[in-house]
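Protein chains in written order, with this note's numbering: chain A, 189 to 301; chain B, 28 to 143. Ideal placement from N, C-alpha and C gives every residue a C-beta, glycine not left out.
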Amino acid sequence: DAGVIQSPRHEVTEMGQEVTLRCKPISGHDYLFWYRQTMMRGLELLIYFNNNVPIDDSGMPEDRFSAKMPNASFSTLKIQPSEPRDSAVYFCASSSRDRKSYTFGSGTRLTVV
Amino acid sequence: QKEVEQDPGPLSVPEGAIVSLNCTYSNSAFQYFMWYRQYSRKGPELLMYTYSSGNKEDGRFTAQVDKSSKYISLFIRDSQPSDSATYLCAMSVVGAGGTSYGKLTFGQGTILTVHP
């Protein structure tokens, strides 16, 4: 298995632009998570899905952030409009009901200038 | 107060040393405990997990949970330069039937350097 695949690996964009981050979970996993990691705040859960349905989006910082999971093999996290304070590493993770399988992708490093 | 507290370090030790990493937590509903290792510019990878109080050993790694004190530890024996990474503790509640809710709450991470 190729693991959790995220794209792009790096993204540099100008303030005000729309940014879309993509994630392909591990086949067979029915949970998908989006996290954000910064030096100041550490690793924070933004939103998670179970069987493609959003379960908890209480970590989404603002209405500028949205996430979708149109099918079991694909999810997007969108920021519109982006701001410099959104600069961080965004991780996607997937898991089966057995938490031992919780696996992170390599992350997308976002820089908003 | 954060739900999970972890000393960010950094921690620097010589090769072969025993390393002790710790987290405290405030939410008594946490029942599932994990340790992740994160190398620079990589995603976290699961090292160890446990449900219960007591010790769990895997090779050079031992995870210890003390629910009465709300305190967990990770010990690394015979530390190697390849162990240099950030170590994150993570916790979650456990739902009915042994399943767990999706949310993991992470500590800040401790940066460890093992020098030859």
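CB contact check: residue i to chain A, cutoff 8 Å
i	result
residue 48 of chain B	no
residue 28 of chain B	no
residue 130 of chain B	yes
residue 133 of chain B	yes
residue 52 of chain B	no
residue 37 of chain B	no
residue 81 of chain B	no
residue 66 of chain B	no
residue 114 of chain B	no
residue 74 of chain B	no
residue 94 of chain B	no
residue 69 of chain B	yes
residue 136 of chain B	yes
Residue i - partner residues in DSSP beta bridges
i	result
residue 235 of chain A	A:222
residue 297 of chain A	A:198 and A:277
residue 103 of chain B	B:46 and B:88
residue 33 of chain B	B:50
residue 64 of chain B	B:72 and B:114
residue 255 of chain A	A:265
residue 93 of chain B	B:98
residue 244 of chain A	A:236
residue 210 of chain A	A:195 and A:264
residue 290 of chain A	Paired residues: none, contrary to the question.
residue 41 of chain B	B:142
residue 78 of chain B	Answer by DSSP bridge pairing: none, since residue 78 of chain B is not bridged.
residue 284 of chain A	Answer is none; residue 284 of chain A lacks a bridge partner.
residue 230 of chain A	A:226
Check whether residue i and residue j have beta carbons under 8 Å apart
i	j	result
residue 113 of chain B	residue 38 of chain B	no
residue 65 of chain B	residue 115 of chain B	yes
residue 217 of chain A	residue 283 of chain A	yes
residue 198 of chain A	residue 273 of chain A	no
residue 94 of chain B	residue 233 of chain A	no
residue 200 of chain A	residue 281 of chain A	no
residue 92 of chain B	residue 99 of chain B	yes
residue 83 of chain B	residue 90 of chain B	yes
Burial state of residue i (16 or more Cβ within 10 Å)
i	result
residue 206 of chain A	exposed
residue 213 of chain A	buried
residue 35 of chain B	exposed
residue 224 of chain A	buried
residue 276 of chain A	buried
residue 56 of chain B	exposed
residue 33 of chain B	buried
residue 226 of chain A	exposed
residue 255 of chain A	buried
residue 312 of chain A	In the structure displayed, chain A extends from 189 to 301; residue 312 of chain A sits before or after that span and is not available.
residue 107 of chain B	exposed
Residue i at chain B interface by Cβ criterion, 8 Å
i	result
residue 209 of chain A	no
residue 167 of chain A	No answer is possible for residue 167 of chain A: the residues shown for chain A start at 189 and end at 301.
residue 244 of chain A	yes
residue 288 of chain A	yes
residue 294 of chain A	yes
residue 233 of chain A	yes
residue 230 of chain A	yes
residue 253 of chain A	no
residue 236 of chain A	yes
residue 262 of chain A	no
Contact with chain D by residue i, beta-carbon distance below 8 Å
i	result
residue 218 of chain A	The displayed structure is made up of protein chains A and B, and chain D is not among them.
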